[in-house]
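Engineer: Residue 429 is where the sequence shown ends in my numbering, and the numbering goes up by one at each step. Take this structure, written in structure tokens, and hold onto it; I'll ask about it next.
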Amino acid sequence: MNDEHQDVEQLFIGLMSGTSIDGLDGVLMSIKADEQGCLKFKTLATTSCDWTTEEKLLLNGLCQPHSAHDNVYSLGLGANVVATKEALAVKQLLAQSHYQAQDICAIGAHGQTICHQPQDAFSLQIDNGPLLANSTDIDAIVNFRAADIANGGQGAPLAQAFHQMVFASANKTRVVLNLGGIANITVLGAQGALISAFDTGPANTLIDYICRTYLNISFDKDGNLARQGQVNHQALTKLLSHPYFTQPYPKSTGRELFNSNFISDYLSQYDLTNLTQANLCDILATLTELTAKTVIDAIAKVYQDHESTLCKDIEIVACGGGAFNSYLLERMALLAHEAKLNLTIAQCSDFGIDAKFLEAQAFAYFAYCTVHAHCLPLHNSTHASRPSILGCICPAPSGFYARTRSSTSARACSGTSACACTSART
Numbered sequence: 004m005n006d007e008h009q010d011v012e013q014l015f016i017g018l019m020s021g022t023s024i025d026g027l028d029g030v031l032m033s034i035k036a037d038e039q040g041c042l043k044f045k046t047l048a049t050t051s052c053d054w055t056t057e058e059k060l061l062l063n064g065l066c067q068p069h070s071a072h073d074n075v076y077s078l079g080l081g082a083n084v085v086a087t088k089e090a091l092a093v094k095q096l097l098a099q100s101h102y103q104a105q106d107i108c109a110i111g112a113h114g115q116t117i118c119h120q121p122q123d124a125f126s127l128q129i130d131n132g133p134l135l136a137n138s139t140d141i142d143a144i145v146n147f148r149a150a151d152i153a154n155g156g157q158g159a160p161l162a163q164a165f166h167q168m169v170f171a172s173a174n175k176t177r178v179v180l181n182l183g184g185i186a187n188i189t190v191l192g193a194q195g196a197l198i199s200a201f202d203t204g205p206a207n208t209l210i211d212y213i214c215r216t217y218l219n220i221s222f223d224k225d226g227n228l229a230r231q232g233q234v235n236h237q238a239l240t241k242l243l244s245h246p247y248f249t250q251p252y253p254k255s256t257g258r259e260l261f262n263s264n265f266i267s268d269y270l271s272q273y274d275l276t277n278l279t280q281a282n283l284c285d286i287l288a289t290l291t292e293l294t295a296k297t298v299i300d301a302i303a304k305v306y307q308d309h310e311s312t313l314c315k316d317i318e319i320v321a322c323g324g325g326a327f328n329s330y331l332l333e334r335m336a337l338l339a340h341e342a343k344l345n346l347t348i349a350q351c352s353d354f355g356i357d358a359k360f361l362e363a364q365a366f367a368y369f370a371y372c373t374v375h376a377h378c379l380p381l382h383n384s385t386h387a388s389r390p391s392i393l394g395c396i397c398p399a400p401s402g403f404y405a406r407t408r409s410s411t412s413a414r415a416c417s418g419t420s421a422c423a424c425t426s427a428r429t
């Protein structure tokens with residue numbers, strides 16, 4: 004795909020389901036480059052699709068080695084489940100905005116991460132790009148992490164390339180903090196210079212696991228249960244001793260590490276068949292403190308390493324589901340004060356962005372970059388040896404890719420016996 008359309012407004016859809024597996028978020032965005040080449044974004048519609056109980060069981064099971072769903076058959080089913088839900092989200096976005104499929108350049112679909120193993124040179128996001136493309140008649144771009152990994156990177160995090168454009172500040176050190184299943188930070192210096200981006204550790208994944216398993220709820224709303232509990236500092240110290248937290252950045256992680264096994268020793272002190280409300284509140288308080296402390300420790304480490312080039316004032320921009328956990332944000336603010344960081348916490352909404360949809364917006368942007376063959380330099384955050392064009396294009400029969408081919412043989416297939424596809428084969 005060439006750049007002949009770069010100076011006009013184009014429409015892209017971004018789709019994201021995070022490691023928490025709480026739902027699929029989608030956005031429809033217009034993107035246009037101005038005369039200076041700077042991109043202008045506008046969100047035209049948003050939607051969220053909840054996973055059903057059965058879908059959650061399948062997708063969560065695929066993330067757990069040796070579970071009943073840890074098999075190739077379930078993997079194929081899961082990929083189709085993800086693509087089908089993505090197609091539903093696309094149709095909802097089109098219905099809201101009154102656009103047609105032919106108005107959309109491409110869909111940027113993250114898929115569902117079920118295994119992230121950069122040390123073994125792979126990260127698996129299940130999806131079915133051809134099914135999504137043919138279900139919507141819009142080109143689908145999938146498998147965004149593979150190219151960075153192929154160039155020696157960790158394939159995560161990726162959203163910092165988008166953060167850099169929308170949150171740059173001339174006079175502040177700005178830290179974009181995504182609190183999904185895993186917490187990751189993007190540290191931006193003066194004029195938005197990307198200092199680093201990496202995963203700090205668990206955000207909601209362990210908290211949500213306790214809520215799902217022992218309380219039959221999806222999450223600890225506003226941190227209200229954790230707020231009632233007492234932090235087990237002995238257990239917290241042991242959890243913090245894990246080598247990941249002192250591993251040099253940039254780095255990335257996932258549910259392969261931060262899962263029920265990670266906290267099994269801590270939980271063994273309780274009778275798990277007869278947990279009291281007080282026990283559960285203490286566990287949630289301890290795990291919330293783990294998230295807060297590892298985030299603040301990571302920010303303090305980056306600031307210490309780059310103090311000479313960073314502004315004294317640090318502003319966190321909170322996004323992701325954890326941005327709505329007021330108790331977690333309070334704990335981070337207090338720990339930052341104790342660490343003598345001059346830090347304030349802002350919400351994405353302060354910048355006119357809904358925290359829930361920031362990552363979906365990033366994948367709409369990545370789709371734009373793929374369509375225009377833009378390489379993204381991610382060395383500072385993934386250690387990739389060179390910039391990458393992210394994503395794999397799955398063309399729809401009448402999609403943007405087919406419509407913009409200059410060769411007659413590559414035009415959209417009309418389905419007739421005399422179409423260019425048939426002629427090329429005879």
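Backbone N, C-alpha and C fix where the C-beta goes; we use that ideal spot for every residue, glycine too. This one's a predicted model, so the numbers in the text were calculated from it and none came from an experiment.
1) Mind pulling the alpha helix (DSSP H) runs of 4 or more residues that sit fully within the stretch 357-392?
2) Does the Cβ-Cβ distance between residue 3 and residue 29 come in under 8 Å?
3) In terms of DSSP beta bridges, what is residue 111 paired with?
4) Quick check on the DSSP output: the beta strand (DSSP E) that includes residue 239 runs from which residue to which?
5) Considering only residues of the same chain and omitting the five flanking positions on each side of residue 103, which have a CB-CB separation below 8 Å?
6) Classify residue 53: buried if its beta carbon has 16 or more other beta carbons within 10 angstroms, exposed otherwise.
7) With respect to the alpha helix (DSSP H) encompassing residue 56, which residues constitute its N-terminal and C-terminal limits?
8) Should the stretch 30-37 be called in touch with the stretch 358-375, which here means at least 3 C-beta pairs below 8 Å?
9) Taking C-beta to C-beta, are residue 383 and residue 198 nearer than 8 Å?
10) Am I right that residue 256 and residue 204 are in contact with their C-beta atoms under 8 Å? What's the rounded C-beta distance?
11) Can at least three beta-carbon pairs, one atom from the stretch 141-149 and one from the stretch 389-397, be found at a separation below 8 Å?
12) Using CA coordinates, which residue listed in 360, 35, 243 is at the minimum distance from residue 324?
13) Does residue 119 come out as helix, strand or coil in the three-state DSSP assignment?
14) Using 8 Å as the Cβ pair cut-off and three pairs as the minimum, do the stretch 385-392 and the stretch 154-164 touch?
15) Among 20, 39, 94, which residue has its Cα nearest to the Cα of residue 58?
16) Would you be able to state if there are at least three C-beta pairs under 8 Å between the stretch 75-88 and the stretch 33-47?
17) Can you give the beta carbon distance from residue 299 to residue 169, rounded, assuming they're within the 8 Å contact cut?
18) Assuming the contact rule is C-beta atoms closer than 8 Å, residue 339 and residue 17 should be a hit. Round their C-beta distance to whole Å, please.
19) Does the beta-carbon of residue 69 have 16 or more other beta-carbons within 10 angstroms, so that it is buried, or is it exposed?
20) Only counting the same chain, and skipping five residues up and downstream in sequence, which positions put a Cβ closer than 7 Å to that of residue 386?
21) Taking the straight line between their C-alpha atoms, what separation do you get for residue 342 and residue 329?
22) Below 7 Å CB to CB, which residues in the same chain sit around residue 212 once its five sequence neighbours on both sides are set aside?
23) Would you check if the stretch 226-239 and the stretch 34-43 touch, i.e. whether three or more CB-CB distances between them fall below 8 Å?
24) Name the residue from 182, 137, 209, 291 whose alpha carbon lies nearest to the alpha carbon of residue 351.
25) If contact is defined by three or more beta carbon pairs under 8 Å, each pair taking one atom from either stretch, is the stretch 131-141 in contact with the stretch 271-281?
Structural biologist: So, from the listed chains and residues:
1) 361-374, 382-385
2) Residue 3 cannot be examined here, being either before or after the span of the chain that is shown, 4 to 429.
3) 17, 144
4) First-last for residue 239: 236-243, but that is the alpha helix (DSSP H), not the beta strand (DSSP E).
5) 97
6) exposed
7) 56-65
8) yes
9) yes
10) 7 Å
11) yes
12) 360
13) strand
14) yes
15) 20
16) no
17) Going by Cβ atoms, the distance from residue 299 to residue 169 rounds to 23 Å, so no, they are not a contact pair.
18) No, residue 339 and residue 17 are not in contact; Cβ-Cβ is about 31 Å, not under 8 Å.
19) exposed
20) 155, 156, 157, 253
21) 20 Å
22) 263
23) no
24) 182
25) no
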